[in-house]
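Numbering (our numbering), first residue to last: 28 to 422.
The beta-carbon is built from N, C-alpha and C at its ideal position, and this holds for glycine as well.
Just so it is clear, the structure is predicted and the values come from calculations on it, not from any experiment.
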Ligand code: XMP
């Protein structure tokens, strides 16, 4: 397809095509795949057995562009502004005069979905922010200020931190933490939605990767490494129709749409944050004191990352409160306090990740500030595990 003789591509050799369909000829082979690229020029049909869409296929995007522009005859007039107008029209058509509720977490996806839907139907939308008390420092306030203050969106803020902490008391297993938080989240959300009454639609910030991941090609079960909680199961439980305006977009496109909608950069460019929040960054039992301690460490770390201009070069950075006490020396005295770990990774989709290579000067500065400014922490470590074999979060 107009490229050189040899190409590096990303291909799974688990599946293999063994027979050429009638009319096709072989264009490229690999060691494991006799039909890596096939073509039927007469009918202008082409097939590839590798993944042109991933970064591990360096010329994949060029190949796709060649196909769409030179073979399929597309001209590439799609713009984000056009998409926004089209989606607004589609939402109006779907919802009519109905009422929509939307779970807002402060993350990029739900924020962009909420603002877009609000542009389409105004006060027919109400957002519900279930505050589980496991957010980062200042983020709950920021969500409220942005959506009520700046966008004038109807927002119910339910501070459920007491309930979450009570139910999580004594829970140390990461999966039980996730399940407990997921269950409570759904219960509280449902309670607030019932109070509002009369909504026929539930809005979700589902992205294209979520759509793909929910389809199993083999139909077989895949191993659950971590169960992720979103508003799982809510639409069925509440008998509501879904409004999912982002389901054809990838994360970077959602960010572009957010900018198109004038959503502040602190939200649009925000690192991913897990649904269960800081609960899965505190191995062991969770208490309010531990959450407060972790918030302090985390905010010093992020402040330094932003000050160094590194925030956008990193996929995700955060601190973990370790369930370990260590001996230290401060001034003339001995300390016996907790240790923390810092993590920062680069990634394109969170499926694999590399450790961010900070220079030692930066790490020294952060560690110095944490130990000096956060009472209760006397040791700082930097996590140098890539994914795989590690996961991004510690739990
Ligand atoms: P892991 O730790 O599995 O994380 O390498 C990959 C990405 O997913 C996020 N993550 C979660 N997100 N609920 C979520 O909504 C969860 O339970 C959860 N666990 C991990 C993680 O922050 C990273 O971006």
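Output yes or no for whether 7 Å exceeds the beta carbon distance between residue i and residue j.
i	j	result
residue 149	residue 228	no
residue 301	residue 420	yes
residue 157	residue 64	no
residue 272	residue 120	no
residue 349	residue 368	yes
residue 295	residue 396	no
residue 36	residue 77	yes
residue 98	residue 70	no
residue 303	residue 185	no
residue 393	residue 292	no
residue 136	residue 232	yes
residue 193	residue 182	no
residue 166	residue 133	yes
residue 201	residue 46	no
residue 147	residue 118	yes
Only counting the same chain, and skipping five residues up and downstream in sequence, which positions put a Cβ closer than 6 Å to that of residue i?
i	result
residue 73	66
residue 188	160
residue 299	343
residue 230	127, 129, 140, 144 and 270
Please determine, among the options, the residue with the shortest C-alpha to C-alpha distance to residue i.
i	options	result
residue 363	220, 351 and 219	351
residue 191	275, 313, 270 and 217	313
residue 68	52, 80, 83 and 173	52
residue 203	45, 217 and 310	310
residue 289	178, 339 and 211	178
residue 263	213, 222, 238 and 356	213
Identify, in the order they occur along the chain, each residue of the same chain with its Cβ nearer than 8 Å to the Cβ of residue i, setting aside the five sequence neighbours on each side.
i	result
residue 401	320, 323, 324 and 327
residue 226	125, 126, 127, 128, 153, 220 and 267
residue 198	204, 207, 312 and 313
residue 353	363, 364, 365, 366, 405 and 406
residue 412	382
Contact defined as beta carbons within less than 8 Å: I believe residue i pairs with residue j. What is the distance between those atoms, to the nearest angstrom?
i	j	result
residue 318	residue 337	Rounded, the Cβ-Cβ distance is 25 Å, inconsistent with contact.
residue 234	residue 270	Residue 234 to residue 270, Cβ: 14 Å. No contact.
residue 139	residue 261	Not really, about 19 Å apart at Cβ, beyond 8 Å.
residue 82	residue 373	Actually they do not touch by this definition, with Cβ atoms about 12 Å apart.
residue 308	residue 277	The Cβ separation is near 26 Å, so there is no contact.
residue 86	residue 59	With 8 Å as the limit, residue 86 and residue 59 do not qualify as a contact, their Cβ atoms being about 20 Å apart.
residue 116	residue 287	The pair is not a contact, with the Cβ atoms about 15 Å apart (cut-off 8 Å).
residue 416	residue 379	Contact doesn't hold; Cβ gap of about 11 Å is too wide.
What residues in its chain sit with their C-beta under 7 Å from that of residue i, if we drop five residues either side in the sequence?
i	result
residue 390	409
residue 42	none
residue 403	320, 364 and 365
Decide if the region 370 to 389 is in contact with the region 354 to 362; the criterion is three or more beta carbon pairs, one per stretch, under 8 Å apart.
-> No: the two stretches stay apart, fewer than three of their Cβ pairs being nearer than 8 Å.
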